[in-house]
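Note sheet for the following structure.
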Amino acid sequence: MFDKSKKEPEKAAASAAKKSAPAASQPAAVSNSGQTTTIGASITLNGELKGNEDLLIQGQVEGNIFLKEHNLTIGEQGRIKANAFAKTITVRGELTGDLNGLDKVTITSTGRVRGNIVAPKVILEEGATFKGSIDMDAKAGKPAAQAASAKSA
Numbered sequence: 078m079f080d081k082s083k084k085e086p087e088k089a090a091a092s093a094a095k096k097s098a099p100a101a102s103q104p105a106a107v108s109n110s111g112q113t114t115t116i117g118a119s120i121t122l123n124g125e126l127k128g129n130e131d132l133l134i135q136g137q138v139e140g141n142i143f144l145k146e147h148n149l150t151i152g153e154q155g156r157i158k159a160n161a162f163a164k165t166i167t168v169r170g171e172l173t174g175d176l177n178g179l180d181k182v183t184i185t186s187t188g189r190v191r192g193n194i195v196a197p198k199v200i201l202e203e204g205a206t207f208k209g210s211i212d213m214d215a216k217a218g219k220p221a222a223q224a225a226s227a228k229s230a
């Protein structure tokens with residue numbers, strides 16, 4: 078019961094296990110490459126939304142969205158009343174506002190957009206609903222997004 082020799086190996090094994098397991102208090106390295114943040118269907122945001130990673134919106138957002146070098150996706154449940162600035166923008170839900178895509182803007186067959194689009198490439202799938210204007214000048218999207226980000230800085 079009080080045999081010290083039996084407890085020593087148990088302590089040594091426990092100590093070795095602690096050393097081999099990573100410490101919970103040490104933060105792990107986080108890489109934003111390939112990472113997508115989701116705003117769920119039950120979430121409502123009002124104001125300015127900025128980020129440095131890809132974003133999927135299933136909820137409701139009102140205001141402005143700035144994702145300089147990242148992708149914005151409005152999911153099928155997404156309801157957006159905002160101006161959006163992103164590298165690529167894909168609309169599967171509903172968006173009222175202007176879209177500025179540095180590379181391209183896509184409105185899928187389930188997407189509904191009411192606003193203007195500025196992007197070098199625009200894709201409107203069969204069944205998509207769109208009311209507004211399209212400016213596909215390759216240089217047009219970049220100054221608009223830069224001006225918007227300068228205002229937000």
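Residues 78 to 230 in my numbering are what the sequence shown lists, from first letter to last.
Think of the CB as a built atom: it goes at the ideal place given N, C-alpha and C, for glycine as much as any other residue.
In the displayed model, GLN154 falls within coil according to three-state DSSP, outside both helix and strand.
In this structure, LEU179 sits near LYS164, with a CB-CB distance shorter than 8 Å.
Going by DSSP, GLY178 is part of the beta strand (DSSP E) stretching over 176 to 184. DSSP places THR121 inside the beta strand (DSSP E), whose first and last residues are 121 to 127. Take ASN141, set aside five residues on each side of it, and the residues of its chain with a beta-carbon closer than 6 Å to its own are GLU125, ALA159, ASN160, in chain order. In the structure shown, ALA161 adopts extended strand secondary structure according to DSSP, grouped into three states.
Separation of THR150 and MET213 (C-alpha to C-alpha, rounded to the nearest whole angstrom) is 20 Å. In the assembly as shown, GLU171 is a buried residue. Its beta-carbon has 16 or more other beta-carbons within 10 Å. With at least 16 other beta carbons inside 10 angstroms of its own, ARG169 counts as buried. The distance from the Cβ of GLU153 to that of THR187 is about 5 Å, consistent with a contact at the 8 Å cut-off.
For ASN123, the CB contacts under 7 Å within the same chain, skipping 5 residues up- and downstream, are GLU139, GLY140 in chain order.
In its chain, beyond the 5 residues on either side, THR185, SER186 have a beta carbon closer than 6 Å to the beta carbon of GLU202. Assigned with DSSP and collapsed to three states, THR167 falls in strand.
Residue burial annotation: ARG156 is buried, with at least 16 other C-beta atoms found within 10 angstroms of its C-beta.
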